[in-house]
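Start counting at 1 in the sequence shown, then tack on 12, and there's your number in this note's numbering.
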Amino acid sequence: MKAIYPGSFDPLTLGHMDIIKRASKFADELLIGVLNNSSKSNPMFTPMERVELIREALVDLPNVSVKSFDGLLVDFVKQEGASIVIRGLRAFTDFEYELTMSQTNNKLYPDMDTVFFTTNIEYSYLSSTTVREVAWNGGDITGFVPENIAKAVYEKVKK
Ligand code: PNS
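Okay, here's the thing in structure tokens:
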């Protein structure tokens with residue numbers, strides 16, 4: 013079974029990594045889909061930079077690959093021949109957005125289902141937004157992201 017884990021990943025956090033490791037045992041093949049045309053303003057990394065950084069962070073997981081995508085998630089899922097979308101649920105506050113997204117996607121493409129992984133409690137407070145904010149304000153992000161990503165974030169902040 014091929015699954016897709018989509019997101020903005022700006023940047024990938026240890027919470028995302030935890031979901032990826034667990035989902036890579038659940039799916040035969042796991043594709044990380046980095047959204048290319050995010051409406052979110054002020055991205056820290058370009059989609060191509062994110063793809064490269066995620067690839068570096070995931071070298072030890074042979075059944076996981078990374079690509080960027082444009083447009084609708086359901087079209088990417090169809091194009092890639094996947095049937096499952098993976099999403100992480102951190103807290104109750106994520107639920108409404110995730111439910112709506114899952115139901116919309118299911119309406120657009122009924123052959124696709126969303127599987128939710130509850131985030132490890134160790135990372136339930138963590139988000140890419142928090143990482144960017146801590147980094148822009150000179151804080152220590154080494155406990156929040158993989159090592160290669162912490163390095164890249166510090167380089168961005170220095171610039
Ligand atoms: O990491 P994020 O920003 O929470 O990920 C959101 C993402 C990329 C999964 C979502 O915005 C998405 O799938 N965008 C593609 C456009 C789309 O298909 N929209 C309809 C679903 S409501």
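All C-beta atoms in this analysis are idealised placements derived from N, C-alpha and C, irrespective of residue type, glycine included.
**Report entry** Leu73 CB to nearest heavy atom of the ligand PNS below 6 Å
**Finding:** Position 61 of the sequence shown, counting from 1, holds the residue named residue 73. No, the Cβ of Leu73 stays beyond 6 Å of every heavy atom of the ligand PNS.
Report task. Can you check DSSP and say which residues form a bridge with Phe81? Result -> Residue mapping note: residue 81 aligns to position 69 of the sequence shown, counting from 1. According to DSSP, which records beta bridges pairwise, Phe81 is partnered with Leu47.
Query raised in the report: By how many angstroms is the C-alpha of Lys79 removed from the C-alpha of Glu167?
Result: Position 155 of the sequence shown, counted from the first residue, corresponds to residue 167. Position 67 of the sequence shown, counted from the first residue, corresponds to residue 79. Our two residues, Glu167 and Lys79, have alpha carbons roughly 23 Å apart in a direct line.
**Report entry** Option in Gln91, Val63, Asn48 with minimal Cα separation from Ala15
**Finding:** Position 3 of the sequence shown, counted from the start, is the residue given in the question as residue 15. Closest option to Ala15, Cα to Cα, is Gln91.
**Report entry** Those residues, in chain order, that have a beta-carbon closer than 5 Å to some heavy atom of the ligand PNS
**Finding:** Chain-ordered list of matching residues: Pro18, Gly19, Ser20, Leu47, Leu84, Leu85, Met113, Thr116.
Query - Alpha-carbon spacing of Gln115 relative to Met56, whole angstroms - result: On the sequence shown, position 103 is the one that residue 115 refers to. On the sequence shown, position 44 is the one that residue 56 refers to. Each residue's Cα considered, the two are about 30 Å apart.
Query raised in the report: Shortest alpha-carbon distance to Val71 belongs to which of Val169, Ala164, Asn160?
Result: Residue 71 sits at position 59 when you count from the first residue of the sequence shown. Out of Val169, Ala164, Asn160, Asn160 has the C-alpha closest to the C-alpha of Val71.
**Report entry** For Ile96, the residue or residues it bridges with in DSSP
**Finding:** The count along the sequence shown starts at 1 and reaches residue 96 at position 84. Paired residue(s): Ala15, Asp125.
Report task. Below 8 Å CB to CB, which residues in the same chain sit around Asn48 once its five sequence neighbours on both sides are set aside? Result -> Residue numbering aside, residue 48 sits at position 36 when the sequence shown is read from its first letter. Closer than 8 Å at Cβ, skipping near neighbours: Pro59, Ser80, Phe81, Asp82.
Query raised in the report: Should Pro158 be labelled buried (16 or more other beta-carbon atoms within 10 Å of its own) or exposed?
Result: In the sequence shown, the residue the question calls residue 158 occupies position 146. Pro158 comes out buried.
Report task. Keeping to the same chain, check which residues put their C-beta closer than 7 Å to that of Thr154; ignore five residues upstream and five downstream. Result -> Counted from its first residue, the sequence shown places residue 154 at position 142. Closer than 7 Å at the Cβ level, and outside the excluded window around Thr154, lie Ala162.
Query raised in the report: With 16 other CB atoms within 10 Å as the buried threshold, where does Ser53 fall?
Result: Along the sequence shown, one-based indexing puts residue 53 at 41. Ser53 is exposed by the Cβ-count criterion.
**Report entry** CB-CB length for Ala164 against Leu26, believed under 8 Å
**Finding:** Start at 1 with the first residue of the sequence shown, and residue 164 comes out as number 152. Start at 1 with the first residue of the sequence shown, and residue 26 comes out as number 14. Not confirmed; about 15 Å, so no contact.
**Report entry** Under 7 Å between C-beta atoms of Arg62 and Phe88
**Finding:** On the sequence shown, residue 62 is found 50 positions in, with the first residue counted as 1. On the sequence shown, residue 88 is found 76 positions in, with the first residue counted as 1. No, the pair does not count as a contact, with Cβ atoms beyond the cut-off.
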